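S.K.: Structure below; questions to follow.
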Ligand code: SF4
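Numbering (the numbering used here), first residue to last: 300 to 774.
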């Protein structure tokens, strides 16, 4: 009686308690009321819910048709235990029962279950969504009134075509909750002038309009930009909408003109899921159910949010939070999952593999190779910038990123180097050398890391057998 939760949440909590009652009757018939629960009962309940299956503690399997016998999802387990935690906390706080255990601890969701709960928006596959958008934009009068089609007639399309088209456009492009859609007011659209400084660019851009969203379950009324298609469809409906009686909005207590109302009645809460979406699926030629379950109005919200988050120029999390009308960014995270395509691009852009490679230019003296002098005379020269390394296995030299200038070294300003660069038969190639962590640091951090590496290699012999320290001493 004192709960301030929304009716649907309240009903859901009551059904969770019924579930617990059925479990008690079967497993612990001696427990007659909340005051009889002990820490052991709570632990047994947590274990039972962890193993429970759909329909196991319910009287009717009607609403779970097709899922009966499947294990509870992690989110359902969390929901079931959260309802009990809240119930027992309230009972204790209000002094209805003696405190015999801490609900937050005794009925805590197991860590293994919590680990399975994360952002997993029930998005609709891109190809299916594209077909639904096409179907929504190409709805004909025949689609909406086909007396020869028994199935469509049973759907009860008694709303005018303009209303249905506006409803479809709002569902497909605005990412609103079903309740928000059905409570939109007449005059909820305002047009936004596109002005980015370039007339040509403005001509190419789609017109954007602003949609006034009424108070929702978590926040106050707000305004969001939506595609111009929504504004056009809503304007077309408003132009032919007969005057309707005012409706008392239970959330605000105000009397308002509801946009989607006809013949004195608001569009019913089940219309979108039960009639409109199946109609679009039929027209699009896609099944009304996919691997994630039935296509429902809320899945459009998840799909649009995920697409905006993964767009070429994506919306940031805070922008998306505003757009979806969320009070907390945690809620927004449940709708945003980085797509594998975007993840692959980000990984590619991060250049992890390229970062660990260094491309070195190699000069091949084809004349020396042809003359058969390859065994005795240098024919391969790795360009180090300041000089050439003539060691054939340069990539295996420990000093390759901090060259110790051993006897294989040829300074660029030496007469030998000038002679080499002047040769007409010189072949220039590039070779990629994998770098270790110290060498990557030299690339990333520059001189300091270079000197540090050189100091560490001071006593490591170069390919000619000398160490840098001895070579420096001899110079
Ligand atoms: S130390 Fe010698 S072998 Fe190593 S990179 Fe320098 S010149 Fe080449």
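Don't be surprised by glycine CBs; every beta carbon is placed ideally from N, CA and C. These numbers were taken from a predicted model, which means no experiment stands behind them.
Thinking just about the alpha-carbon of each residue, which of 369, 305, 392 is nearest to the one in residue 334?
M.R.: For the residues 369, 305, 392, the minimum Cα distance to residue 334 belongs to 392.
S.K.: Quick one: what's got a C-beta closer than 8 Å to residue 715's C-beta in the same chain, skipping five residues either side?
M.R.: Same-chain partners within the cutoff: 709.
S.K.: Say whether the segment 515–531 touches the segment 553–572, bearing in mind that this needs 3 or more beta-carbon pairs closer than 8 Å, one atom from each stretch.
M.R.: Touching, no, given that fewer than three Cβ pairs across the two stretches are closer than 8 Å.
S.K.: Pull up the DSSP beta-bridge partners for residue 732, would you.
M.R.: Note: residue 732 sits in a beta bridge opposite 657.
S.K.: Just curious, the beta strand (DSSP E) that residue 488 is in, first and last residue?
M.R.: Start and end: 488–490.
S.K.: Taking the alpha-carbon of residue 621 as reference, which of 612, 604, 692, 611 has the nearest alpha-carbon?
M.R.: Residue 621 has its Cα closest to that of 604, out of 612, 604, 692, 611.
S.K.: Does DSSP put residue 304 in a helix, a strand or coil?
M.R.: Three-state DSSP puts residue 304 in coil, outside helix and strand.
S.K.: Count the C-beta pairs between the segment 430–444 and the segment 573–588 that are closer than 8 Å, then say yes if the count reaches three, no if not.
M.R.: These segments touch.
S.K.: Let me have the residue list for the ligand SF4: C-beta closer than 5 Å to any non-hydrogen atom, ordered along the chain.
M.R.: Chain-ordered list of matching residues: 688, 690, 696, 698, 699, 702, 703, 705, 707, 708, 761, 762.
S.K.: Compare the C-alpha of residue 631 against each of 639, 640, 643, 616 and name the closest.
M.R.: Minimum Cα distance to residue 631 is reached at 616.
S.K.: Look at residue 658 and residue 731 and say whether their C-beta atoms are less than 9 Å apart.
M.R.: Yes, these two residues count as a Cβ contact at 9 Å.
S.K.: Look up residue 508 in the DSSP assignment and give the residues it is bridged to.
M.R.: DSSP lists 490, 525 as partners of residue 508.
S.K.: Classify residue 775: buried if its beta carbon has 16 or more other beta carbons within 10 angstroms, exposed otherwise.
M.R.: The chain is shown from 300 up to 774; residue 775 falls before or after that span and cannot be answered.
S.K.: Please work out which residues of its chain come closer than 8 Å, Cβ to Cβ, to residue 569, disregarding the five sequence neighbours upstream and downstream, and give them in chain order.
M.R.: None.
S.K.: Can you give me the start and stop residues for the beta strand (DSSP E) that residue 679 sits inside?
M.R.: Segment 679–682, the beta strand (DSSP E) holding residue 679.
S.K.: Measuring straight from C-alpha to C-alpha, what distance separates residue 415 and residue 408?
M.R.: Each residue's alpha carbon lies about 11 Å from the other.
S.K.: So, helix, strand or coil for residue 676, using DSSP?
M.R.: DSSP places residue 676 in coil when its eight states are reduced to three.
S.K.: Give the secondary structure of residue 640 by DSSP, where H, G and I count as helix, E and B as strand, and everything else as coil.
M.R.: Here residue 640 sits in helix by DSSP.
S.K.: Excluding five sequence neighbours on each side, which residues of the same chain lie with their C-beta closer than 7 Å to the C-beta of residue 544?
M.R.: If we look at residue 544 and ignore the five residues flanking it on each side, its Cβ neighbours are 563.
S.K.: Within this structure, are the beta carbons of residue 661 and residue 681 separated by less than 9 Å?
M.R.: Their beta carbons are under 9 Å apart, which means residue 661 touches residue 681 by this criterion.
S.K.: Using a 10 Å radius around the Cβ and a threshold of 16 neighbouring Cβ atoms, would you call residue 451 buried or exposed?
M.R.: Unreliable placement is indicated for residue 451, whose pLDDT of 45 sits below 50; the coordinate value is still reported in the next sentence. That one is buried.
S.K.: Going by beta carbon distance, what residues of the same chain come within less than 6 Å of residue 458, once the five residues before and after it are set aside?
M.R.: Here the set comprises 561.
S.K.: Can you give me the Cβ contacts of residue 323 inside the same chain, cut-off strictly under 6 Å, excluding the 5 residues immediately before and after it?
M.R.: Counting only Cβ-Cβ distances below 6 Å, and skipping sequence neighbours, we find 330.
S.K.: Take residue 430 and list the residues in its own chain whose beta-carbon comes closer than 8 Å to its own, dropping the five residues that flank it on each side.
M.R.: Hits under 8 Å: 583, 584, 585.
S.K.: Buried or exposed for residue 625, please, with buried defined as at least 16 other CB atoms from any protein chain shown within 10 angstroms of its CB.
M.R.: Buried is the call here.
S.K.: Helix or strand or just coil, what does DSSP make of residue 458?
M.R.: Residue 458 falls in the coil class under three-state DSSP.
S.K.: Would you check if the distance between the CB atom of residue 636 and the CB atom of residue 425 is smaller than 9 Å?
M.R.: No, the Cβ-Cβ distance between residue 636 and residue 425 is not below 9 Å.
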